[in-house]
Amino acid sequence: MSLCNLKQHNFITNANARLLDLVLSNIDCISVNETLALNLLDKNHPAILITLSPIQISKGLQRANIKRLNFAKCNFENIKSELQSVNWSEILSSPCIDECSEAFYELLFEIISTKYTKLLQQILILSSLVQQIFN
99 MSLCNLKQHN FITNANARLL DLVLSNIDCI SVNETLALNL LDKNHPAILI
149 TLSPIQISKG LQRANIKRLN FAKCNFENIK SELQSVNWSE ILSSPCIDEC
199 SEAFYELLFE IISTKYTKLL QQILILSSLV QQIFN
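Following this line, the structure appears as structure tokens:
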């Protein structure tokens, strides 16, 4: 119960002075009261009325603005020609594989972002408009 921060809200005991019905919640706006039974009363489980007070519901987690390219609209021939013009022996000259990998991805992302910045901006503008509609 402590993992989910749950608390017991029912303290109404049965005919044997035992608490059998659990009302667990992690919010405090719950009240539990004894009430009249709708059908034959079970002495081990008295009728209870659970009332929830109105609460302020949070909006939840905010969406992160993640930049995404629409690769379906990319001109791969331009990217390919740009990558073919790179002096790879200079870029990948380090004996450390991590440095070479970092240099490769840095260059790749630079080529994509400079060639397709306009596309990226259009996607971000569209996604912000969609978020405004649904929030």
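Counting the sequence shown from 1 gives a position; my numbering is that position plus 98.
Glycine included, C-beta positions come from ideal geometry on N, C-alpha and C.
Is the separation between the beta-carbon of residue i and that of residue j shorter than 8 Å?
| i | j | result |
| --- | --- | --- |
| N66 | I146 | The requested residue 66 is not part of the displayed model; the chain covers only 99 to 233. |
| N124 | L104 | yes |
| I189 | L206 | no |
| I238 | V130 | Here the chain has residues from 99 to 233 only, and residue 238 is not among them. |
Can you tell me where the beta strand (DSSP E) holding residue i begins and where it ends?
| i | result |
| --- | --- |
| L150 | 146 to 150 |
| N131 | 128 to 132 |
In its own chain, which residues sit with a C-beta less than 6 Å from the C-beta of residue i, not counting the 5 before and 5 after it?
| i | result |
| --- | --- |
| S192 | C198 |
| I209 | E180 |
I want to see whether chain C comes within less than 8 Å of residue i, judged by CB atoms only; does it?
| i | result |
| --- | --- |
| D126 | The structure shown contains no chain C; it holds only a single protein chain. |
Terminal residues of the continuous alpha helix (DSSP H) containing residue i?
| i | result |
| --- | --- |
| S179 | 174 to 182 |
| S191 | Premise fails: S191 is in no alpha helix (DSSP H) and is neither H nor E. |
Assuming residue i and residue j form a contact by the criterion Cβ under 8 Å, report the distance between their Cβ atoms to the nearest whole angstrom.
| i | j | result |
| --- | --- | --- |
| H143 | L122 | No, H143 and L122 are not in contact; Cβ-Cβ is about 16 Å, not under 8 Å. |
| L150 | I177 | Their Cβ separation, rounded to whole angstroms, is 56 Å, which puts L150 and I177 out of contact at 8 Å. |
Can you give me the Cβ contacts of residue i inside the same chain, cut-off strictly under 8 Å, excluding the 5 residues immediately before and after it?
| i | result |
| --- | --- |
| A201 | I189, L190, S192 |
| L139 | A145 |
Under 7 Å Cβ to Cβ from residue i, same chain only, skipping five residues before and after it: list those, please.
| i | result |
| --- | --- |
| N112 | L118, K141, N142, H143, P144 |
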